[in-house]
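Per my numbering, the sequence shown runs over residues 315 to 930.
Ideal placement from N, C-alpha and C gives every residue a C-beta, glycine not left out.
As structure tokens, the structure follows; a few thoughts come after it.
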Amino acid sequence: MGELQVQKLKNNPLKALYIKQLLVDIAALEQILDKKMFELSPIRIGAEQEFCLVDEFWQPSNKALEVLENIDDPHFTTELALYNLEINLDPLPLSGNCFSEMHLQLDHLLAMANKVAEKSATKIILCGILPTIAKRHLDFEYLTPIPRYNILNEVIKEIRNNDIEIHIKGVDELNIRHDSVLFEGCNTSFQAHLQIDPYDFKDTYNWSQAIAGPILSICTNSPMLFGRELWEETRIALFTQSVDTRASNFLLNESEPRVNFGNSWAKGSVVDYFKDSITGFRSLLTSDSNVDSLSELEQGKTPKLKTLSLHNGTVYTWNRVCYGSTNGRPHIRIENRYIPSGPTTEDEIANMMFWVGIMMGRPKKFNTIHTKMDFKDAKSNFFNAARYGMAAQFYWDGQLISSQQLLLDHFLPMAFKGLYRMGVLPKDAEHYLKIIERRIATYNGSRWTIQSYRKLRKEIKLPDALTILTAKMYQGQQKGYSVDAWELPRGDEFVIDENERKVYQIMNVHTVTAQDSDSSELVLKMMQWKNIHHVPILNEDLDLVGLLTWTDLKAYLKNPDKFEGPIKDIMKKELITITEEESTKRAKVLMESKGINCLPVVQGKKLIGIITTKDL
315 MGELQVQKLK
325 NNPLKALYIK
335 QLLVDIAALE
345 QILDKKMFEL
355 SPIRIGAEQE
365 FCLVDEFWQP
375 SNKALEVLEN
385 IDDPHFTTEL
395 ALYNLEINLD
405 PLPLSGNCFS
415 EMHLQLDHLL
425 AMANKVAEKS
435 ATKIILCGIL
445 PTIAKRHLDF
455 EYLTPIPRYN
465 ILNEVIKEIR
475 NNDIEIHIKG
485 VDELNIRHDS
495 VLFEGCNTSF
505 QAHLQIDPYD
515 FKDTYNWSQA
525 IAGPILSICT
535 NSPMLFGREL
545 WEETRIALFT
555 QSVDTRASNF
565 LLNESEPRVN
575 FGNSWAKGSV
585 VDYFKDSITG
595 FRSLLTSDSN
605 VDSLSELEQG
615 KTPKLKTLSL
625 HNGTVYTWNR
635 VCYGSTNGRP
645 HIRIENRYIP
655 SGPTTEDEIA
665 NMMFWVGIMM
675 GRPKKFNTIH
685 TKMDFKDAKS
695 NFFNAARYGM
705 AAQFYWDGQL
715 ISSQQLLLDH
725 FLPMAFKGLY
735 RMGVLPKDAE
745 HYLKIIERRI
755 ATYNGSRWTI
765 QSYRKLRKEI
775 KLPDALTILT
785 AKMYQGQQKG
795 YSVDAWELPR
805 GDEFVIDENE
815 RKVYQIMNVH
825 TVTAQDSDSS
835 ELVLKMMQWK
845 NIHHVPILNE
855 DLDLVGLLTW
865 TDLKAYLKNP
875 DKFEGPIKDI
885 MKKELITITE
895 EESTKRAKVL
905 MESKGINCLP
915 VVQGKKLIGI
925 ITTKDL
């Protein structure tokens, strides 16, 4: 998708040509398979590293295009949001010291990016979801200004015909509406690629599905969004909902979200996989490609199947099958999309090696896994891992087993065998798989994050805790130790200059509100019971329309009989408000000059917090 100039497919005069090219690509793929043209060896691995950019205050930075231009290296490319970039690593044959070689290249490219980013007062963070990301960073101004991202955003909004709704329930709950796909930009992953034998497609792909849950459980590191504790790997739920084109499950169009695990075992060839994708998901985009893949085959060329790849690029299975070519020979690979970015490159390469080792170390007893395991158990394992991480239990080989026992007693030995079978050097295998073993005995990224956050929140307000947490992540990444060796933050990793504080850093986001039709007497009594000095008042559209203060309560206590009507009869309607991006200095000046003790914090007409003299 990134190589093409894309357009919306709906009502496009090129639609008929696009459909024809899509069908020609499928016919060409069938010929490549039938004529046994696919490359079978050497088996190669590859990876894509997504990462976040933050400013000097550890907030998401919008300087991705500036940094990308200054890096000037073809390994780097844009992502959906202006605070994300991606590195495409060079593919390597699966043998010898390929993993440490890939690790060296990754560290080299990240060091280069870090050096360039520093000139733009920007740092690089590896994490599945950046702790300091907030709803204000999902505004359209943070969407990378490249046509394909704007078009994808427009297409998904048109199909849904409504705002995007995100609802995730974990320890806390997030229920939010938004008008763009930028929630996808909250997610960053380390996407691992493994070339497979397309003539053993069904067994290989089904095996990748069967092992996904247990592998994810040890790799989780994205337990939070907007300061709420959600799933151990919140990315799984967030990405699924952020590009969901379904208005309802009960409308007869797409039964699965575009980001999905699947709903059954693979039953046919790799061509059938792509046919199922076209059948299950409508095409969203078309391009300026005008190449006949069948004609290229007749001329002895390897077609790129650009139209099929374009469609495949808008269907996000967690184990996605990709077609490509290397040195003029076509291949099929599985792209593992569920492993998050970070916490360190050591952790990422260990995660990738663990997955590749288990993929290649499949015991004979697990051939035709689809005849021995119910698909619903594989899918249940995956979502249990996303929700509970290392606390999950899995259905495996006819029994219910803890993640630690399954990983230590079954998967680690399997990974070693698979890697040795492929000629990976024992020194390499032992170095990275020891990281997995230590992590099983201690904690993974998500547990470190949760423990760190809870420790900080005992003494520090939410925005400051998230800022310090991000700073601590950066320190750990710079040292290069895997996450099992990280200490919890002390709280002084980043000292916030009081003169630089913004309103969002100290405002209260959990505040009691009332509606203008509520009983005055009841709300004033609640203020008395809870010692609440300010209650913002909302109308039926949840717009801010008034305020009750301690002055109103004192008047009520002197003469309760005067307060029998609705709140709108007594509330203060001439409001002085502030926005979250303004400085606390400005808030203080406003309160002092107006002789007031609180300022509602608004975004348009909506209340998003409140700041008081006590906060200052």
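Given a length threshold of 3 residues, the stretch 648-689 has no whole run of the beta strand (DSSP E) inside it. Take the alpha-carbon of M673 and the one of I851: they are about 58 Å apart. Given a length threshold of 4 residues, each whole run of the alpha helix (DSSP H) inside the stretch 563-634 is given here in chain order: 584-594, 607-612 and 620-626. Straight-line spacing of the CA atoms in T616 and R358 works out to 18 Å.
Here the alpha carbon of L722 sits roughly 11 Å from the alpha carbon of I532. Between L858 and L921, the beta carbon gap of about 4 Å places them in contact (Cβ cut-off 8 Å).
One alpha carbon belongs to N428, the other to L382, and they sit about 11 Å apart.
I749 and D661 have their alpha carbons spaced roughly 7 Å apart. Taken through DSSP and simplified to helix, strand or coil, G918 comes out as coil.
When only Cα atoms are considered, D404 and E415 end up about 10 Å apart. Counting only runs of 4 or more residues that sit fully inside the stretch 443-530, the alpha helix (DSSP H) segments are 461-474, in chain order. By the criterion of at least three beta-carbon pairs nearer than 8 Å, the stretch 663-680 is in contact with the stretch 728-748.
Taking the C-beta atoms as reference points, I443 is found nearer than 8 Å to L539. The three-state secondary structure of G712, taken from DSSP, is coil.
By the C-beta criterion, the stretch 836-848 is judged to be in contact with the stretch 863-878, since at least 3 inter-stretch pairs fall below 8 Å.
Counting of Cβ neighbours within 10 angstroms places Q509 among the buried residues, the total reaching 16 or more. It is roughly 8 Å from the alpha-carbon of V605 to the alpha-carbon of Q335. Under the three-state reduction of DSSP output, F877 falls in the coil class, being neither helix nor strand.
Distance from the CA of V629 to the CA of G909, rounded to the nearest whole angstrom, comes to 56 Å.
Beta-bridge annotation (DSSP): R542 is paired with L539.
Take D798, set aside five residues on each side of it, and the residues of its chain with a beta-carbon closer than 6 Å to its own are R752, R753 and T756, in chain order.
Comparing C-alpha distances from E895 to each of L619, I764 and M821 shows the shortest one belongs to M821. In this structure, the straight-line span from the alpha carbon of L544 to that of C366 is close to 20 Å. Counting only residues of its own chain and dropping the five nearest sequence neighbours on each side, W800 has a CB closer than 7 Å to the CB of W762 and G790. If the five residues before and after E649 are omitted, its C-beta is found closer than 7 Å to the C-beta atoms of Q505, H507, R634 and C636, all from its own chain and listed in chain order.
The stretch 416-424 and the stretch 761-775 do not touch, with fewer than three beta-carbon pairs separated by less than 8 Å. Shown here for F497: same chain residues with a beta carbon closer than 7 Å to its own, the five before and five after excluded, namely L452, I478, I480, L552 and S556 in chain order.
Cβ contact annotation for Y652 (same chain, cutoff 6 Å, sequence separation greater than five): L530 and W632, in chain order. Counting only residues of its own chain and dropping the five nearest sequence neighbours on each side, A342 has a CB closer than 8 Å to the CB of S607, L608, E610, L611, P617 and L619.
Judged by beta-carbon spacing, I646 lies beyond the 8 Å limit of V585, meaning their Cβ atoms are not closer than that value.
Per the C-alpha coordinates, the member of I846, T458, G879 and K349 positioned closest to N398 is T458. DSSP places A785 in the uninterrupted alpha helix (DSSP H) bounded by L776 to K793. By a beta-carbon distance limit of 8 Å, A524 contacts I683. Their separation comes to about 5 Å. Here F454 is exposed, its C-beta having fewer than 16 other C-beta atoms within 10 Å.
N698 sits in a helix when the DSSP states are folded into three classes.
Out of N758, A580 and E773, the CA that lies nearest to the CA of F689 is found in A580.
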